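Notes follow once the structure below has been shown.
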Amino acid sequence: MSNDWVVVANNLVKTYVMGEVEVNALRGASVKIARGEVVSIMGPSGSGKSTLMNILGCLDRPTAGEYILDGEPVASLADDQLAGIRNRKVGFVFQSFNLLSRQTALFNVELPLRYAGLVEGRRDKAKESLIAVGLEERMTHRPTELSGGQQQRVAIARAIVNNPSIIMADEPTGNLDSKVGKEIMNLLLNLNRERGTTLIIVTHDPAIAAQTQRVIRLRDGVVEENGETA
């Protein structure tokens, strides 16, 4: 295993205050993920999977602990700084696709580039990204005109358009039938092989986890297992 870590998280704690009640979503979770690695995160409901993913993806910050993303300490950054790093370094793929329904596939893929302030070459980069996921014939279609698998391909194209260090996929095949789910998983794994992009997949599905190089298991806000897949 390379020691070129893209993710270094030490003793992450996340506490939510709900009225007079404190909920400890993470209780000292530590994770390291190497550049180019394919990792799955598993655990029962309430184990802290989503909280960990949100922190690793710079959607949230820990209450305590250290997080270094691609060499940058990010745990204590302000919201706008977190947003900038998230836009440059992390691509997200969600179970529900999260596409703008009234916009074309091409516009949806351009969004991260718009947020980054890129003007010149933006459309060409978005087209290249859609071609990479096999949707060169669907660029002007809206999500309602696409199948579930095609919508997820648009979401993946959007995730990779900035050449991020990490793709984080939260149940990426959860809304797809098994055949299309296999196609989407193969696409993600091919992107890892061809581009060397680190792939972190949150999943309940052992068949998905079995395709990754390592499974990180959470229970009650701590890392229960950090080992290799069988």
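Count the sequence shown with my numbering and you get residues 1 to 230, in order. Cβ atoms here follow ideal geometry from the backbone N, Cα and C, with glycine treated the same way. Please read these numbers as outputs of a predicted model, since none were measured by experiment.
When the Cα atoms are used, T51 and E120 turn out to be separated by approximately 36 angstroms.
In the structure shown, M139 falls within a coil segment according to DSSP collapsed to helix, strand and coil. When DSSP states are grouped into helix, strand and coil, R193 belongs to the helix group. Within the stretch 69 to 133, the beta strand (DSSP E) runs of at least 3 residues that lie entirely inside it are, in chain order, 90 to 94. With a 10 Å radius around the Cβ and a threshold of 16 neighbouring Cβ atoms, R193 comes out exposed.
Taking C-beta atoms under 8 angstroms as the contact rule, G148 and E183 fail to qualify, at a distance of about 11 angstroms. The three-state secondary structure of V161, taken from DSSP, is coil.
Residue state for A210 is assigned as coil, using DSSP reduced to three classes. One Cα belongs to N163, the other to E20, and the distance between them is close to 43 angstroms. In summary, D170 is buried, with 16 or more beta-carbon neighbours lying within 10 Å of its beta-carbon over all protein chains present.
Residue environment: Y16 is assigned as exposed (fewer than 16 neighbouring CB atoms within 10 Å of its CB, all protein chains considered). A Cβ-Cβ contact shorter than 9 angstroms links P62 with K14. Restricting attention to V215, A155, E145 and A9, the CA atom closest to the CA of V38 is found in V215. With a beta-carbon spacing of about 15 angstroms, Q95 and P143 fall beyond the 8 angstroms limit used to define contacts. Between S30 and V223, the beta carbon gap of about 6 angstroms places them in contact (Cβ cut-off 8 angstroms). In the structure shown, G43 falls within a coil segment according to DSSP collapsed to helix, strand and coil. In this structure, I200 sits near L56, with a CB-CB distance shorter than 9 angstroms.
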